[in-house]
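Counting with full-length UniProt numbering, you get residues 1 to 89 for the letters of the sequence shown. Glycine included, C-beta positions come from ideal geometry on N, C-alpha and C. A short write-up of the structure that comes next.
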Amino acid sequence: MADDLKFLASQFWCLHSKQLRHTFRKKAEESLREEEDGLQDALSKVGGSSPSLCTTIYASRFTANVLRALRRNSTRKSRLPERITPMML
1 MADDLKFLAS
11 QFWCLHSKQL
21 RHTFRKKAEE
31 SLREEEDGLQ
41 DALSKVGGSS
51 PSLCTTIYAS
61 RFTANVLRAL
71 RRNSTRKSRL
81 PERITPMML
């Protein structure tokens, strides 16, 4: 009976830690998407005809890092961010 309890406890721990990893990964992806959307909104509201070179470089690096992290950590069913600003295309 003690062996059965040990086995059950180890299985519970494995399933629980897997669920926690999934939850944290999903929350991280959501926060990255929100940050990217916020950055894109801020860039679209910038006064003038075009953003500065530094802003454009920062935004492109940020977007590349977000997309790399999402592709590295994503599953087949998770979707990439839908919006990419026209100046980055």
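Which of helix, strand or coil does DSSP assign to residue i?
{"i": "lysine 6", "result": "helix"}
{"i": "lysine 45", "result": "coil"}
{"i": "leucine 89", "result": "The predicted position of leucine 89 is uncertain, since its pLDDT is 46 and thus under 50; a value taken from the coordinates is nonetheless stated next. Coil at leucine 89, not helix or strand."}
{"i": "phenylalanine 62", "result": "helix"}
Taking the alpha helix (DSSP H) that residue i belongs to, which residues open and close that run?
{"i": "serine 52", "result": "Premise fails: serine 52 is in no alpha helix (DSSP H) and is neither H nor E."}
For residue i, count neighbouring Cβ atoms within 10 angstroms of its own Cβ and tell me buried if that reaches 16, exposed if not.
{"i": "glutamine 40", "result": "buried"}
{"i": "alanine 28", "result": "exposed"}
{"i": "alanine 9", "result": "exposed"}
{"i": "alanine 59", "result": "buried"}
{"i": "leucine 89", "result": "Residue confidence is low: leucine 89 scores 46 on pLDDT, short of 50, so the model does not pin down where it sits. No coordinate-derived value is stated."}
Below 8 Å between beta carbons: does that hold for residue i and residue j?
{"i": "valine 66", "j": "glutamate 30", "result": "no"}
{"i": "leucine 32", "j": "leucine 70", "result": "yes"}
{"i": "asparagine 73", "j": "arginine 25", "result": "yes"}
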